[in-house]
DNA sequence: GACATGCCTTGGCAAATGCCAGAACCGCGA
DNA sequence: TCGCGGTTCTGGCATTTGCCAAGGCATGTC
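Residue numbers (our numbering), protein chains in the order written: chain A, 251 to 580; chain B, 251 to 580.
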């Protein structure tokens, strides 16, 4: 794409951003195509470029968000299955991902849905507590860039030693980066060696301050984990098999945002909880919007327990899971 | 769209895809298509319907605004020509329609642009004063339905006797209807027979009240008319040729929102002004956002005068007109 | 001043989409 | 049970779009 003629000589000086005209062309092509309904041929002719270039311009316009294609989120919420699950699950809102989509991993697909919903829900001065998980990570990657300097994104659970690509720190900072929001990481280990250490840590001013901030949360975002079979908790090195067994023996079926619970939604505690640095549940439960995102048949029991525990009041899941849940919830 | 519970009896013959998408089919098709990037074929397969039906669903989804395609209005404002004209014309904002669009009439194309911009600019408690004209009418028809019960749309100029399809009443009520806003028409003739009558009318409580409302305007929307050759003023029966000549002889080159002006932006008055029921110019000029919409080579001189008179601080026009104006404004 | 490098553009083909007219279907009434 | 009006769905074709690999053009380097 050529710069306008007038700029030819001064161009080597590069006073203004070089691609000024380019942005306009994409914009104009987009207008003519999407608003006036011209064919790419016609636009090509009128702009004096090839049709292929028009195609490229349109693609660029979409990529650069000169044009955006959005799906009305209120409709998503009104979909039949969403409404049914919302009512049966005692939720404030519920969103269900259509079955049989692309071949991508389910958590990526759910993450995409979650991203679109979160974008719509975010308000200018939100404080968002973020947990961790593959789906949350996926959501963070699917978020569109936005400018929300008033938003704070805070980590609800301590950081981990092991580095894996969906750690609490990464989830939090990723989301904050996309939103251009303030990122507040929790600079403490997620798990410490004994309860005494936890007590001491919690008294540290910086940590204490962080937990004060968490009490301001207007939203939290978290995934769910099931406990049977290979789980992230173990794979990520957060917990050992023995610890997990201990919870399972106590009747726990799932883990979400730092808490274990049984099928009836009772919180299950073991000694691990005394070493786990996480937002206290009594604070957590006071957050107005608690958004849980996750799905897959292996998680159904866990999600059911999570719903009974009322950890979430907004659920984002997939169709198959939603179906099963509806069936199970009487 | 069929009701979801069609499963009663006929459905038992359809074992393969036992999914019931009910009224959400369009929504889900839209999600899979626009968000997950599936082909129509694939969606058809997964939903167990023909590809053509998927196409129809997608079309419906667009029509019903389940999906919307929008062009970032801030980009429109940042386009080169817009910026140039904004600065040269002493405007707050300026929007330029790309040249060489569809074969539709220019005023329809500009109206479309105006509609998109107005949609973006409207705030929840706006009071919008609306004048009349073909372009304004066209804008009103291109507005997307919205729900703005807090908005008031008020007529800035009196109504006319002759009925034509872009009368002040129609422009006003059309816009209000689209926005689901309150519509306040001015129940008085646009032109009365003598100045005495105008004085009396203006004292009428209802009329007086209306003009009080107009003083609350946060926005006004109006077109421009040129005076040479056949004009709307004459065609619509608002004015006679003699009256127009009178203004032209006094140096007027254009008419906008009820006022005549000369090329230097001086307001031109004749006896007609004493019979013309319209918002007083000193009130008009205080409205924070005065949006003028119009274009076409025949209007260039008129728009130039209008700009000098600073009647508008937001201008929506087409590329050709914008080019000429830039050239003329030094 | 010639050559290498890398982004843009283009022509053309294969795939995807848009659209229409006829088929299938539904509910209703006889 | 059959026929009928109105609606929705589908097969198939013409058009439009998406994409790729080859060719340009301009800049940077020696």
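C-beta: ideal position from N, C-alpha, C; glycine also.
- Listed along chain B, no residue sits closer than 8 Å to residue 304/A by beta-carbon distance, the nearest being about 12 Å off.
- Residue 437/A and residue 429/A have their C-alpha atoms spaced approximately 21 Å apart.
- Every unbroken stretch of the alpha helix (DSSP H) spanning 4 or more residues and falling wholly within the region 414-446 of chain A is given here in chain order: 418-429.
- Ranked by Cα distance from residue 534/B, the options 339/B, 445/B, 276/B, 508/B are led by 508/B.
- Interface annotation, residue 382/A: not in contact with chain B, CB-CB separation never under 8 Å.
- Per DSSP, the unbroken alpha helix (DSSP H) holding residue 364/A starts and ends at 356-371.
- Distance from the Cα of residue 536/A is smallest, within the candidate group 322/A, 400/A, 466/A, 408/A, for 466/A.
- Within the DSSP bridge table, the entry for residue 537/B names no partner.
- Its Cα nearest to that of residue 315/B, the residue 276/B stands out among 505/B, 276/B, 579/B, 323/B.
- By the neighbour-count criterion, in which a residue is buried when 16 or more other Cβ atoms sit within 10 angstroms of its Cβ, residue 375/B is exposed.
- Close to chain A, meaning a Cβ-Cβ distance shorter than 7 Å, is no residue of the region 517-544 of chain B at all.
- Under the Cβ distance rule, residue 325/B counts among the residues neighbouring chain A, one pair being separated by less than 8 Å.
- In this structure residue 280/A is in contact with residue 321/B, their Cβ atoms being roughly 6 Å apart against a cut-off of 8 Å.
- Inter-residue distance for residue 347/A and residue 530/A is about 31 Å (C-alpha atoms, whole angstroms).
- By the Cβ rule, the region 488-499 of chain B does not count as touching the region 385-403 of chain B, because fewer than three pairs are nearer than 8 Å.
- The C-beta of residue 316/A comes closer than 8 Å to at least one C-beta of chain B.
- A buried status is given to residue 527/B, since no fewer than 16 other beta-carbon atoms sit within 10 Å of its beta-carbon.
- A Cβ of chain A is located within less than 8 Å of the beta carbon of residue 352/B.
- Legend: CB atoms of the region 280-304 of chain B lying less than 7 Å from CB atoms of chain A belong to residues 280, 281, 282, 284, 285, 286, 287, 288, 296.
- In this structure, the straight-line span from the alpha carbon of residue 459/B to that of residue 433/B is close to 14 Å.
- Per the Cβ contact rule, the region 357-370 of chain B is in contact with the region 543-563 of chain B (3 or more Cβ pairs under 8 Å).
- In the DSSP assignment, no residue is bridged to residue 400/B.
- Contacts between residue 329/B and chain A, judged by CB atoms closer than 9 Å, involve 273, 274, 277, 278 in chain order.
- Excluding sequence positions up to five before and after residue 576/B, its CB lies within less than 8 Å of the CB of 331, 334, 335, 338, all in the same chain and listed in chain order.
- DSSP places residue 503/B in the coil class of the three-state scheme, outside both helix and strand.
- At a cut-off of 8 Å between beta-carbon atoms, residue 571/B makes no contact with chain A.
- Taking a cut-off of 8 Å for Cβ pairs, the region 468-477 of chain A and the region 377-390 of chain A touch, as three or more such pairs fall below it.
- For residue 321/A, the chain B residues whose Cβ falls inside 7 Å of its Cβ are 280, 281, 284, 285, 316, 317, in order along the chain.
- With respect to the C-alpha of residue 397/A, the residue from 517/A, 515/A, 441/A, 427/A having the closest C-alpha is 427/A.
- Residue 343/B sits in a strand when the DSSP states are folded into three classes.
- Residues of chain B with a Cβ closer than 8 Å to the Cβ of residue 359/A are, in chain order, 286.
- For residue 467/A, the secondary structure class from DSSP, reduced to helix, strand or coil, is coil.
- Excluding the 5 residues flanking it on each side, residue 442/B has same chain C-beta neighbours closer than 6 Å at 448, 525, in chain order.
- For residue 451/B, same chain residues with a beta-carbon under 7 Å away, outside a window of 5 residues either side, are 438, 442, 457, 527 in chain order.
- At a cut-off of 8 Å between beta-carbon atoms, residue 362/A makes contact with chain B.
- For residue 578/A, there are no C-beta contacts with chain B under 9 Å, since the nearest C-beta of that chain is about 18 Å from it.
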